[in-house]
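Inspection log for the structure reproduced underneath, given as structure tokens.
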Amino acid sequence: MADNRVRCHSYRDVFLMNAYAMKQYQTVSVHAQVTEADPHRLIQMLMEGGLQRLAQAKGAMEYGNVALKGELIGKAMGIIGGLREALDKDKGGEIASNLDNLYAFMQQRLSQANLQNDPAMLDEVAGLLREIKQGWDGIRHS
Numbered sequence: 001m002a003d004n005r006v007r008c009h010s011y012r013d014v015f016l017m018n019a020y021a022m023k024q025y026q027t028v029s030v031h032a033q034v035t036e037a038d039p040h041r042l043i044q045m046l047m048e049g050g051l052q053r054l055a056q057a058k059g060a061m062e063y064g065n066v067a068l069k070g071e072l073i074g075k076a077m078g079i080i081g082g083l084r085e086a087l088d089k090d091k092g093g094e095i096a097s098n099l100d101n102l103y104a105f106m107q108q109r110l111s112q113a114n115l116q117n118d119p120a121m122l123d124e125v126a127g128l129l130r131e132i133k134q135g136w137d138g139i140r141h142s
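Residue numbers (full-length UniProt numbering): 1 to 142.
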């Protein structure tokens, strides 16, 4: 009888298959969350994603993985850019203007953190984003 089972030839193959499966699961999970989320939750998700990318970028920085650090900081900057674009400057008044300025500052600091390889700057931006997120989380929405 022929053995038709798929065989993995190394632990690396098993790891890569598991990593691929996990990535697919996460993609489907995030897609489902996004399609079911209200605008308030979408902003929360952006902030959560930004905080995750900052933590990952700090880890990449500490391990000396320059390419991954740059990629993750770029993603965090993109998320913060998305938060800036979501601001309603017509209705948001001074609060929206202040947030826009703060987000611009955060993007500038991330650029500096990337160039100077400074984890303290990543921590600074993460702290600011956490503070904004805490305020956002406290808003009751209907």
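Built from N, CA and C at the ideal position, the CB exists for glycine as well.
In this structure, DSSP gives Asp100 a helical state, which the three-state scheme calls helix. DSSP, reduced to helix, strand and coil, places Ala55 within a helical segment of the structure shown. No Cβ-Cβ contact shorter than 8 angstroms links Arg130 with Met121. Excluding sequence positions up to five before and after Ile132, its CB lies less than 6 angstroms from no other CB in the same chain.
Secondary structure note for Ile139: it is in no alpha helix (DSSP H), with a DSSP letter that is neither H nor E. Asn114 counts as buried, since at least 16 other C-beta atoms from the protein chains shown sit within 10 angstroms of its C-beta.
Of Leu83, Gly82, Gly59 and Arg84, the smallest CA-CA separation from Leu72 is found for Gly59. Leu54 is positioned such that its CB atom lies no closer than 8 angstroms to that of Gly82. With fewer than 16 other CB atoms across the displayed protein chains lying within 10 angstroms of its CB, Ala37 is exposed. Our two residues, Ala76 and Lys89, have alpha carbons roughly 22 angstroms apart in a direct line. Straight-line spacing of the CA atoms in Ala104 and Arg84 works out to 8 angstroms. For Met106, the CB contacts under 8 angstroms within the same chain, skipping 5 residues up- and downstream, are Ile80, Val125, Leu128 and Leu129 in chain order.
With a threshold of 16 other beta carbon atoms within 10 Å, Gly50 meets it and is buried.
Gln44 and Asp100 have their C-alpha atoms some 17 angstroms from each other. Distances from the CA of Met61 to each of Asn117, Gly135 and Gly138 were compared; the closest alpha carbon is that of Asn117.
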